[in-house]
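Enquirer: Right, I'll just put the structure down here and ask away after.
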Amino acid sequence: MIAEELRIAISGAVQKTFPGITPLEFTLERPKPEFGDFATNIAFLIAKEVKQAPVAVAHTIASVLALHVPQLIDEALATGGYINIKLNPKAVAEALQQVITAGTDYGRNNDGQDKTVVLDYSHPNIAKRMHVGHLRTTLLGAALANIYAFGSYTT
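Going by the numbering used here, the final residue of the sequence shown carries number 158, and the count climbs one at a time with no gaps.
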């Protein structure tokens, strides 16, 4: 949810600062807490195309990013070519409230509507002694069936 909004915001900031540049598939990862909530490598990926150093590209994008979506991003800092992002606490609180409100239905979707997934069930050899390994594969299969059912797949 927040990660997807961040991806859209970062892509928008790149297009705003470097018109005509289409952002490639960039990473969005969780750095050490002292660096912020998220970090991206987008500056490294487009630096060659815009003919600037990654550090300069990161500074340019970071200066626009927090202004672009202040309701989501509290601060965007360029550090050695990476852009470290601190989220707006209100955005985090809203996201958590949506999770709490949805309860056990949080994440449920219809991606698997009209799609079928075939799962192979475990078949322990009844001529041999049962052991934990048999239980493990049975539980993995049951967990996969539950995950697919949550996404509206037919199993």
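C-beta atoms are modelled at their ideal positions from N, C-alpha and C, and glycine is treated no differently.
Because the structure is a prediction, the values reported are computed rather than measured.
How far does the beta strand (DSSP E) with E78 in it extend, from its first residue to its last?
Expert: I76 to T82 is the span of the beta strand (DSSP E), which, as asked, contains E78.
Enquirer: What is the residue span of the beta strand (DSSP E) that I86 lies within?
Expert: Run containing I86: Y85 to L90, per the beta strand (DSSP E) assignment.
Enquirer: Expressed to the nearest angstrom, what Euclidean distance is found between the alpha-carbon atoms of N128 and H137?
Expert: Near 9 Å, if we compare the C-alpha coordinates of H137 and N128.
Enquirer: In the DSSP output, what is E32 paired with across the bridge?
Expert: DSSP lists A42 as partners of E32.
Enquirer: Since G81 and A56 are thought to touch, with beta carbons under 8 Å apart, how far apart are those beta carbons, to the nearest angstrom?
Expert: First, the amino acid is wrong: residue 81 is Ala here, not Gly. About 11 Å separates the two Cβ atoms, so there is no contact after all.
Enquirer: If we ignore side chains and look at the alpha-carbon of each, how far apart do I76 and D40 end up?
Expert: Their backbone Cα atoms lie some 10 Å apart in a straight line.
Enquirer: Output needed for K35: all residues of its chain with C-beta closer than 6 Å, excluding positions within five of it in sequence on either side, in chain order.
Expert: Correct list: empty, nothing qualifies.
Enquirer: At the level of alpha carbons, what is the spacing between R111 and L122?
Expert: Cα to Cα, the separation comes out at about 20 Å.
Enquirer: By alpha-carbon positions, which one of I88, H134, L70 and E78 ends up nearest to I45?
Expert: Comparing Cα positions, the closest option is I88.
Enquirer: For S14, which residues in the same chain have their Cβ closer than 6 Å to its Cβ, ignoring the five residues on either side in sequence?
Expert: Excluding residues within five positions, the ones whose Cβ falls inside 6 Å are P26.
Enquirer: Three-state secondary structure (DSSP) at T119?
Expert: Strand, per DSSP.
Enquirer: Just to confirm before moving on: does the CB-CB distance between A16 and E32 stay below 8 Å?
Expert: No, these two residues do not count as a Cβ contact at 8 Å.
Enquirer: Would you check if the distance between the CB atom of G84 and the CB atom of F47 is smaller than 8 Å?
Expert: It is a contact, given that the beta carbons lie within the stated cut-off.
Enquirer: If you check the beta carbons only, do I49 and L68 fall under 8 Å apart?
Expert: No, Cβ-Cβ distance for I49 and L68 is not below 8 Å.
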